[in-house]
Amino acid sequence: MLTENDLREQIVSVARVCAEKNLLTSSDGNISVRLEDDRFLITPSGVYKMWLRPGDLIIVDASGALIAGPPGLHPTSETRMHMEVYRQRDDVSAVLHAHPPHAVALTIAGIPFPVDLIPEVLLALGDVPTARYATPGTEDLAASIGEMIREHDAVLLSHHGSLTAGKTLVQALIALERLEAAARAYWLANALGALYPLPPDEVARLREIGIRLRSGV
44 MLTENDLREQ
54 IVSVARVCAE
64 KNLLTSSDGN
74 ISVRLEDDRF
84 LITPSGVYKM
94 WLRPGDLIIV
104 DASGALIAGP
114 PGLHPTSETR
124 MHMEVYRQRD
134 DVSAVLHAHP
144 PHAVALTIAG
154 IPFPVDLIPE
164 VLLALGDVPT
174 ARYATPGTED
184 LAASIGEMIR
194 EHDAVLLSHH
204 GSLTAGKTLV
214 QALIALERLE
224 AAARAYWLAN
234 ALGALYPLPP
244 DEVARLREIG
254 IRLRSGV
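Under our numbering, the first residue of the sequence shown is numbered 44, with each subsequent residue one higher.
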């Protein structure tokens with residue numbers, strides 16, 4: 044069982060991984076983890092992710108209200124979206140919101156996320172829906188992902204970013220990396236001039252296997 048200090052260190056490490064891999068830039072993106080007693084550790088608003096420190100992180104309650112944090116820092120403006128995930132998913136203990144460029148570009152172009160090109164996508168992620176556009180930092184954004192996050196561990200936010208959830212923060216990070224890698228592979232294949240999706244029967248088979256794997260059956 045990870046302690047709160049362990050989780051603080053892990054959030055900082057994951058933020059730096061995301062920044063180094065261009066999955067978020069500057070102060071963009073936000074990360075949270077579930078603590079005990081209906082408390083949540085979450086990144087502050089406006090802090091440059093490469094310079095994030097364990098002591099910068101903020102504790103909020105299930106409504107997103109501030110419980111504890113360093114003077115002058117406030118919870119991310121996307122706190123309501125994070126709390127909506129936890130409200131919908133008792134099995135989720137970590138949420139990662141990032142801005143992976145190739146995946147976001149798909150939403151800007153109105154292209155559904157390609158789940159029928161790479162087997163690992165269906166096995167590890169399953170289907171990845173795109174939520175309708177909603178203004179960042181608003182209750183409408185939280186509402187836009189409510190139904191989708193019940194059944195999916197990864198959701199794209201139209202013209203905005205991605206949302207991945209997991210039992211651990213590492214799981215949420217792995218989902219984000221797979222998401223962006225698949226979107227990038229789509230763009231590279233498209234640039235080569237041809238796309239050859241997996242056969243429909245194989246897509247159905249992989250989807251079924253993936254459901255069993257992710258449910259632990």
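In this text, a Cβ means the ideal position worked out from N, Cα and C, and glycines have one as well.
Report the option in the options whose CA atom is closest to the CA atom of residue i.
i, options, result
"E79", "M93, P172 and D104", "D104"
"S69", "A108, V76 and V60", "V60"
"N73", "D81, N65, K64 and I85", "I85"
"A148", "T119, P113, D196 and A225", "A225"
"L116", "L100, A108, V198 and L66", "L100"
"L200", "L212, L222 and T211", "L222"
"I54", "V128, L216 and L206", "L216"
"Y229", "L67, Y176 and L160", "L160"
"T46", "L67, H142, T150 and V76", "V76"
"P13", "G209, F83, E220 and I102", "No statement about residue 13 is possible, as the shown extent of the chain runs from 44 to 260 and does not include it."
"E52", "L212, R227, E245 and A218", "L212"
"H145", "L67, S258 and R257", "L67"
Give me the Cα-Cα distance between residue i and residue j, rounded to the nearest whole angstrom.
i, j, result
"A137", "A234", "35 Å"
"L50", "M191", "27 Å"
"N261", "A62", "With the chain covering only 44 through 260, there is no way to say anything about residue 261."
"G180", "H203", "11 Å"
"Q131", "R193", "6 Å"
"P87", "L241", "42 Å"
"T178", "L184", "6 Å"
"D81", "A232", "45 Å"
"D196", "P113", "31 Å"
"S106", "V135", "16 Å"
"I110", "V57", "23 Å"
"G253", "N65", "28 Å"
"M44", "T207", "22 Å"
"S205", "P118", "19 Å"
What span of residues does the alpha helix (DSSP H) with residue i cover, start to end?
i, result
"T122", "T122 to Q131"
"I154", "Here I154 belongs to no alpha helix (DSSP H), and DSSP marks it neither H nor E."
"V55", "E47 to E63"
"R257", "P243 to S258"
Could you tell me the boundaries of the beta strand (DSSP E) in which residue i lies?
i, result
"D104", "I101 to D104"
"R110", "The residue asked about is misnamed: residue 110 is Ile in this sequence, not Arg. Its beta strand (DSSP E) spans residues L109 to A111."
"V76", "N73 to R77"
"L84", "R82 to I85"
Is residue i near the ligand GTP - that is, is its Cβ less than 7 Å away from at least one heavy atom of it?
i, result
"Y129", "This structure lacks the ligand GTP; in fact it carries no ligand of any kind."
> Counting pairs of Cβ atoms below 8 Å between the stretch 160-168 and the stretch 242-257, do you hit three or more?
Replying inline: Yes, since at least three Cβ pairs between the stretch 160-168 and the stretch 242-257 fall closer than 8 Å, the two stretches touch.
>> Between the stretch 117-127 and the stretch 182-190, can you find at least three pairs of beta-carbon atoms closer than 8 Å?
In response: A contact between stretches requires three or more CB pairs, one per stretch, nearer than 8 Å, and the stretch 182-190 meets this requirement with the stretch 117-127.
> Is the number of C-beta pairs between the stretch 147-160 and the stretch 88-97 that are closer than 8 Å three or more?
Replying inline: Remark: fewer than three beta-carbon pairs, one from each stretch, lie closer than 8 Å, so the stretch 147-160 and the stretch 88-97 are not flagged as touching.
> When the Cβ atoms of the stretch 167-177 are set against those of the stretch 227-244, are three or more pairs found closer than 8 Å?
Replying inline: No contact exists between the stretch 167-177 and the stretch 227-244.
>> Could you tell me which whole alpha helix (DSSP H) segments of length 4 or greater appear in the stretch 130-217?
In response: Within the stretch 130-217, the complete alpha helix (DSSP H) segments at least 4 residues long are 144-151 and 182-194, listed from N- to C-terminus.
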